[in-house]
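*Asks:*
Number of protein chains: 2
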Amino acid sequence: MTASSGRIRYSGQTRVHVAVDCIVFGFDGENFRLLLIQRGFTPHRQEWSLMGGFIQPNESLEAAAHRVLKELTGLEDVYLEQLPAFSDPKRDSVDRTISVPYFALIDIQKCKAQLSSDFHAEWFILSETPDLIFDHNLMVEVAKMRLRYKAALHPILFELLPAKFTLQQLRTLYEKLYESTFDKGNFARKALSTGLLIQQKEKNKEHSRKGAFYFKLDREKYYDNFEAFLKFIPNMEKLLGMDKNW
Amino acid sequence: MTASSGRIRYSGQTRVHVAVDCIVFGFDGENFRLLLIQRGFTPHRQEWSLMGGFIQPNESLEAAAHRVLKELTGLEDVYLEQLPAFSDPKRDSVDRTISVPYFALIDIQKCKAQLSSDFHAEWFILSETPDLIFDHNLMVEVAKMRLRYKAALHPILFELLPAKFTLQQLRTLYEKLYESTFDKGNFARKALSTGLLIQQKEKNKEHSRKGAFYFKLDREKYYDNFEAFLKFIPNMEKLLGMDKNW
DNA sequence: GCAAAAGTGTTTAGTTTACACCCATGC
DNA sequence: GCATGGGTGTAAACTAAACACTTTTGC
Numbered sequence: 001m002t003a004s005s006g007r008i009r010y011s012g013q014t015r016v017h018v019a020v021d022c023i024v025f026g027f028d029g030e031n032f033r034l035l036l037i038q039r040g041f042t043p044h045r046q047e048w049s050l051m052g053g054f055i056q057p058n059e060s061l062e063a064a065a066h067r068v069l070k071e072l073t074g075l076e077d078v079y080l081e082q083l084p085a086f087s088d089p090k091r092d093s094v095d096r097t098i099s100v101p102y103f104a105l106i107d108i109q110k111c112k113a114q115l116s117s118d119f120h121a122e123w124f125i126l127s128e129t130p131d132l133i134f135d136h137n138l139m140v141e142v143a144k145m146r147l148r149y150k151a152a153l154h155p156i157l158f159e160l161l162p163a164k165f166t167l168q169q170l171r172t173l174y175e176k177l178y179e180s181t182f183d184k185g186n187f188a189r190k191a192l193s194t195g196l197l198i199q200q201k202e203k204n205k206e207h208s209r210k211g212a213f214y215f216k217l218d219r220e221k222y223y224d225n226f227e228a229f230l231k232f233i234p235n236m237e238k239l240l241g242m243d244k245n246w
Numbered sequence: 001m002t003a004s005s006g007r008i009r010y011s012g013q014t015r016v017h018v019a020v021d022c023i024v025f026g027f028d029g030e031n032f033r034l035l036l037i038q039r040g041f042t043p044h045r046q047e048w049s050l051m052g053g054f055i056q057p058n059e060s061l062e063a064a065a066h067r068v069l070k071e072l073t074g075l076e077d078v079y080l081e082q083l084p085a086f087s088d089p090k091r092d093s094v095d096r097t098i099s100v101p102y103f104a105l106i107d108i109q110k111c112k113a114q115l116s117s118d119f120h121a122e123w124f125i126l127s128e129t130p131d132l133i134f135d136h137n138l139m140v141e142v143a144k145m146r147l148r149y150k151a152a153l154h155p156i157l158f159e160l161l162p163a164k165f166t167l168q169q170l171r172t173l174y175e176k177l178y179e180s181t182f183d184k185g186n187f188a189r190k191a192l193s194t195g196l197l198i199q200q201k202e203k204n205k206e207h208s209r210k211g212a213f214y215f216k217l218d219r220e221k222y223y224d225n226f227e228a229f230l231k232f233i234p235n236m237e238k239l240l241g242m243d244k245n246w
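Dropping the structure here:
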């Protein structure tokens, strides 16, 4: 619904505040993490919250989300995906505010330093997320489900890994997300068969005497095929909590 | 981003108009159809447009979409799914307006009568969609892609069929969406193996002497398993325009 | 009986899974 | 030389795809 004539005005129509909230996921090699801020102002001072902000007159929602993330982490090129808007008229008791959540995937190592003390930001273990203000807990739940869904079909989890990673790290990442375990051999074959991985000469010897090869993501193929399907995940239906008996 | 203290106001923050636009899909047995309205007012009087409306003070986005659809078609329980918001600050030259598109799937037969002349609504063959106002053409494209994606994994296309349908009608529906053809036998097996279909005693004899059994959707199983995965579509990756050579 | 569409069966190819096994290395 | 995780091989089970075949029935 739009108009473009200079003579027409939407004067009779309600206007509302529109904000974005960012559900920022990271992975520390062992656990999924969620980046939260401690509010420095009322209401709900010192309570934990998602990082968010109002949309500005000359920016799109996506630009607002990127701006907010930049303020918080210093990062510019972050993977962001829009989730369905939260628009219950009562969700905000001050003024009508619609919030559009975005989930973000970032390499936790890239922003550890920058995490501005302005926001008292902290990386929580995802499963140990504290109570959040307003409807932010629900936003996190929705984001988790969407991440599980999307990552089962598309190679987005690479966004969470450092530039160099081993197959074991990649597998652990998937195992944690789906709270499951995957066969080492089968997983490696699938991962390699995507052609997205470039084997390095260097090995990681932290976990074994033999050492595991590092891999890098083939960024070109990755961007070219972002929407391509993976079948990374065995028993996808079951892992996504879907009963197949029907 | 929200607040709930009575003392706080968002007075310094921009407020914007928020609207919903509905991309209404139907299927006439032969072609996908798109329900459009001819605007009766300026700007763009008599041009074709999606049906939309501004969000009201006491309704959510979803409620607004349902209201708009009810006005247009008389239908209340319509399948609706939110698409990412269109929020370019320049998309509306009058006032800043963010539009949240919803795609709707409806049984074309259920609303033929009601189609209120208030809106000069018409069912266009999807592939023969005229030029639409503003960014509505793009919304339709996004909705088509999302429908293809979603229908490959979930049984939503039943929403487009009448209460009783034959396997052939179901297959034709999928074939048209994916601009492809599917093996009769394999398709029937997959469709039946979902357990979602209840065979009727009656047959449709329009297309053959032998007659094809009618089926009804098992609504209970359908609602229980809405998020369950289907593997209805052979070569899903290729049909969704995804190159697998990587 | 034959045409035409409905519906079933069957062969083959491909993929997935589970699990066994070999490999390289530091101690 | 042996323990440890890294990496490879393989048989069996399952699934998908192609296509041939049988069924029904109005004319």
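In order, the protein sequence lines correspond to chains V and R. The first sequence begins at 1 in the UniProt record's numbering and counts up one residue at a time. The second sequence begins at 1 in the UniProt record's numbering and counts up one residue at a time. All C-beta atoms in this analysis are idealised placements derived from N, C-alpha and C, irrespective of residue type, glycine included. From a predicted model like this one, the values you see are computed outputs, not experimental measurements.
Over what stretch of residues does the beta strand (DSSP E) that includes K164 (chain R) continue unbroken?
*Replies:* As a first step, residue 164 (chain R) must be located in the second sequence, where it is residue number 164. From DSSP, the beta strand (DSSP E) with K164 (chain R) extends over 164 to 166.
*Asks:* Counting only beta-carbon atoms, is D95 (chain V) nearer than 8 Å to chain R?
*Replies:* Counting from one through the first sequence, the residue named residue 95 (chain V) turns up at place 95. Yes, because at least one Cβ of chain R sits closer than 8 Å to the Cβ of D95 (chain V).
*Asks:* Excluding the 5 residues preceding and the 5 following T14 (chain R) in the sequence, name in chain order all residues of the same chain whose CB lies nearer than 7 Å to its CB.
*Replies:* The residue given as residue 14 (chain R) occupies position 14 in the second sequence. The answer is none, since no qualifying residue turns up.
*Asks:* Taking 8 Å as the CB-CB limit, is Q109 (chain V) close to chain R?
*Replies:* Numbered from its first residue, the first sequence carries residue 109 (chain V) at position 109. Chain R, which has no Cβ nearer than 8 Å to the Cβ of Q109 (chain V), makes this no.
*Asks:* Anyone know if the C-beta pair for V100 (chain V) and A85 (chain V) falls short of 8 Å?
*Replies:* As a first step, residue 100 (chain V) must be located in the first sequence, where it is residue number 100. As a first step, residue 85 (chain V) must be located in the first sequence, where it is residue number 85. Yes, they are a contact pair.
*Asks:* Is the region 38 to 58 of chain V touching the region 18 to 29 of chain R in the sense that three or more CB pairs, one from each, lie closer than 8 Å?
*Replies:* Contact fails: fewer than three Cβ-Cβ distances are below 8 Å.
*Asks:* Going by other Cβ atoms of all chains shown within 10 Å of its Cβ, with 16 needed for buried, is A65 (chain R) buried or exposed?
*Replies:* Within the second sequence, numbered from 1, the residue matching residue 65 (chain R) stands at position 65. By the 10 Å Cβ count, A65 (chain R) comes out buried.
*Asks:* What are the residues that DSSP puts in a beta bridge with V16 (chain V)?
*Replies:* Numbered from 1 along the first sequence, position 16 holds the residue referred to as residue 16 (chain V). Paired residues: R:V16.
*Asks:* Strictly by DSSP, which residues pair up with T97 (chain R)?
*Replies:* On the second sequence, residue 97 (chain R) is found 97 positions in, with the first residue counted as 1. Bridge partners of T97 (chain R): R:H17.
*Asks:* Does the distance from the CB of A104 (chain V) to the CB of V142 (chain V) come in under 8 Å?
*Replies:* The residue labelled residue 104 (chain V) in the question sits at position 104 within the first sequence. The residue labelled residue 142 (chain V) in the question sits at position 142 within the first sequence. Contact flag unset, no.
*Asks:* Using a Cβ-Cβ distance cut-off of 8 Å, determine whether P188 (chain R) contacts chain V.
*Replies:* By 1-based counting over the second sequence, the position of residue 188 (chain R) is 188. Sequence inspection shows Ala at residue 188 (chain R); the Pro mentioned does not correspond to that position. Not closer than 8 Å to any Cβ of chain V, the Cβ of A188 (chain R) fails to qualify, so no.
*Asks:* For a cutoff of 8 Å on Cβ pairs, would you count A85 (chain V) as touching chain R?
*Replies:* If you number the first sequence from 1, residue 85 (chain V) lands on position 85. Cβ-Cβ to chain R under 8 Å: yes for A85 (chain V).
*Asks:* For C22 (chain V), which residues does DSSP report across the bridge?
*Replies:* As a working note, residue 22 (chain V) is residue 22 in the first sequence. In the DSSP output, where bridge partners are listed per residue, C22 (chain V) has V:M51, V:Y102.
*Asks:* With a 10 Å radius around its C-beta and 16 neighbouring C-beta atoms as the bar for buried, classify H136 (chain V) as buried or exposed.
*Replies:* In the first sequence, the residue the question calls residue 136 (chain V) occupies position 136. Buried.
*Asks:* Between M145 (chain R) and K210 (chain V), what straight-line distance do the alpha-carbon atoms span, to the nearest angstrom?
*Replies:* Along the second sequence, one-based indexing puts residue 145 (chain R) at 145. Along the first sequence, one-based indexing puts residue 210 (chain V) at 210. Approximately 47 Å between the Cα atoms of the pair.
*Asks:* Among V:T42, V:K110, V:I98, whose alpha-carbon lies nearest the alpha-carbon of L75 (chain V)?
*Replies:* Within the first sequence, numbered from 1, the residue matching residue 75 (chain V) stands at position 75. Considering only alpha carbons, the answer is V:K110.
*Asks:* K205 (chain V) to L157 (chain V), Cα distance in whole Å?
*Replies:* For the purposes of this step, residue 205 (chain V) is taken as the residue at position 205 of the first sequence. For the purposes of this step, residue 157 (chain V) is taken as the residue at position 157 of the first sequence. Computed Cα separation, rounded: 23 Å.
*Asks:* Check each residue of the region 9 to 31 of chain V: if its Cβ is closer than 8 Å to any Cβ of chain R, include it; give the result in chain order.
*Replies:* Listed by position along the chain: R9, Y10, Q13, T14, R15, V16, H17, V18, A19, V20, D21.
*Asks:* Can you pull the DSSP bridge partners for Q199 (chain V)?
*Replies:* Locating residue 199 (chain V) in the first sequence gives position 199, counting from the first residue. DSSP output for Q199 (chain V) lists V:F215 as bridge partner(s).
*Asks:* Rank V:P234, V:L36, V:S127 by C-alpha distance to the C-alpha of R189 (chain V) and give the top, closest one.
*Replies:* Residue 189 (chain V) sits at position 189 when you count from the first residue of the first sequence. The shortest C-alpha separation from R189 (chain V) is found at V:P234.
*Asks:* Can you grab the Cα-Cα spacing for the pair R9 (chain V) / R96 (chain V), in whole Å?
*Replies:* Start at 1 with the first residue of the first sequence, and residue 9 (chain V) comes out as number 9. Start at 1 with the first residue of the first sequence, and residue 96 (chain V) comes out as number 96. The straight-line gap from Cα to Cα measures roughly 21 Å.
*Asks:* Assign E128 (chain R) to one of three DSSP states: helix, strand, or coil.
*Replies:* Taking the second sequence and counting its residues from 1, one reaches residue 128 (chain R) at position 128. Three-state result, E128 (chain R): helix.
*Asks:* Using DSSP with H/G/I as helix, E/B as strand and the rest coil, what is I108 (chain V)?
*Replies:* As a first step, residue 108 (chain V) is located in the first sequence; it is residue number 108 there, counting from the start. In this structure, I108 (chain V) counts as helix in the three-state DSSP scheme.
*Asks:* Please name the residue in V:Y149, V:E30, V:L80 whose C-alpha comes closest to that of S127 (chain V).
*Replies:* Within the first sequence, the letter at position 127 stands for residue 127 (chain V). Among V:Y149, V:E30, V:L80, the Cα nearest to that of S127 (chain V) belongs to V:E30.
*Asks:* Would H120 (chain R) pass as a contact of Q38 (chain R) if the rule is Cβ separation under 8 Å?
*Replies:* By one-based count along the second sequence, residue 120 (chain R) stands at place 120. By one-based count along the second sequence, residue 38 (chain R) stands at place 38. Closer than 8 Å, so yes.
*Asks:* I need the boundaries of the alpha helix (DSSP H) containing Y149 (chain R), first residue and last residue.
*Replies:* To locate residue 149 (chain R), count along the second sequence from 1; it is residue 149. Looking at the DSSP string, the run of the alpha helix (DSSP H) that includes Y149 (chain R) is 136 to 153.
*Asks:* Indicate the three-state DSSP secondary structure (helix, strand or coil) for Y79 (chain V) in the structure shown.
*Replies:* On the first sequence, residue 79 (chain V) is found 79 positions in, with the first residue counted as 1. Y79 (chain V): strand per DSSP, three-state reduction.
*Asks:* Grouping DSSP H, G and I as helix and E and B as strand, with all else coil, what is L157 (chain R)?
*Replies:* Counting from 1 along the second sequence, the entry for residue 157 (chain R) is found at position 157. L157 (chain R): helix per DSSP, three-state reduction.
*Asks:* What first and last residue would you give for the alpha helix (DSSP H) that runs through F187 (chain R)?
*Replies:* Taking the first residue of the second sequence as 1, we reach residue 187 (chain R) at position 187. That run of the alpha helix (DSSP H) goes 184 to 193.
*Asks:* Is it right to say Y174 (chain V) is buried, meaning 16 or more other beta carbons lie within 10 angstroms of its own, or is it exposed?
*Replies:* Sequence index remark: in the first sequence, residue 174 (chain V) carries index 174 (1-based). Buried, because 16 or more other Cβ atoms sit within 10 Å of the Cβ of Y174 (chain V).
*Asks:* To the nearest angstrom, how far is it from the Cα of T194 (chain R) to the Cα of A163 (chain R)?
*Replies:* Looking up residue 194 (chain R) in the second sequence gives position 194. Looking up residue 163 (chain R) in the second sequence gives position 163. If I take the Cα positions, the gap works out to 18 Å.
*Asks:* Can you list, in chain order, the residues of its chain whose CB lies under 7 Å from that of Q169 (chain R), leaving out five sequence neighbours each side?
*Replies:* The residue you call residue 169 (chain R) lines up with position 169 of the second sequence. Cβ within range, chain order: G29, L161.
*Asks:* Can you tell me whether S87 (chain V) is buried or exposed, with buried defined as 16 or more other CB within 10 angstroms of its CB?
*Replies:* Counted from its first residue, the first sequence places residue 87 (chain V) at position 87. S87 (chain V) comes out buried.
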